[in-house]
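Sequential numbering of the sequence shown, starting at 671, is according to the working numbering.
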Amino acid sequence: MKPPKEQTRSCYNGENKRKSFQMLKQALLQAPSLGLPDLEKPFQLFLDTKQNMAVGVLTQIMGTWYRPVACLSKQLDSVAKGWPACLKAVAGTAVLTQEANKLTFGQHL
């Protein structure tokens, strides 16, 4: 029986390796990136709070999907860090809404 390294080596030789790399490269190039915000379209903010951080994505509908226009993150203040998870989510919403308003020029989220 061949050692594990020798068994898998044949899978990644030559043409298979090249094809796999090209497929990965194409997939990465097709991934959606941040778009420019359109102030005439409504915005939506998706967020979560983990490890005393509020993280979110500001999006706009483009066709049938939500296109990200900004990624936001902000550390919760020392008071909110001691709150239960449900209240941390409220604090995170307040903090990230203020940050998003800078990009949406106060447009309703």
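Note that beta-carbon positions come from the ideal geometry of N, C-alpha and C, so glycine has one too. Owing to the predicted nature of the structure, the values given are computational and were not obtained by experimental measurement.
When DSSP labels each residue in this structure, what does residue i get in the three-state scheme?
i	result
Q721	coil
S703	coil
G684	helix
K751	helix
L715	strand
Q730	strand
L694	helix
Give every residue of the same chain whose Cβ lies closer than 7 angstroms to the Cβ of residue i, excluding the five residues on either side of it in the sequence, and list them in chain order.
i	result
A759	T719
G762	L717, T719, A724, L746
Assuming residue i contacts residue j under a Cβ cut-off of 8 angstroms, what Cβ separation, rounded to an integer in Å, is found between them?
i	j	result
P707	Q730	7 angstroms
V727	G705	Not confirmed; about 12 angstroms, so no contact.
F775	L694	Wrong, their Cβ atoms sit about 39 angstroms apart, outside the cutoff.
Note the first and the last residue of the continuous alpha helix (DSSP H) segment covering residue i.
i	result
K772	755 to 774
In the DSSP assignment, find the beta strand (DSSP E) that holds residue i and state where it starts and stops.
i	result
K744	735 to 745
Only counting the same chain, and skipping five residues up and downstream in sequence, which positions put a Cβ closer than 6 angstroms to that of residue i?
i	result
S703	none
Less than 8 angstroms between C-beta atoms, sequence neighbours within five positions excluded: which residues of the same chain meet that for residue i?
i	result
R737	P702, G705, T729, Q730, I731
For the region 748 to 768 against the region 715 to 722, are there 3 or more C-beta pairs whose distance is under 8 angstroms? Judged by Cβ distances under 8 angstroms, the region 748 to 768 makes contact with the region 715 to 722, as three or more pairs qualify.
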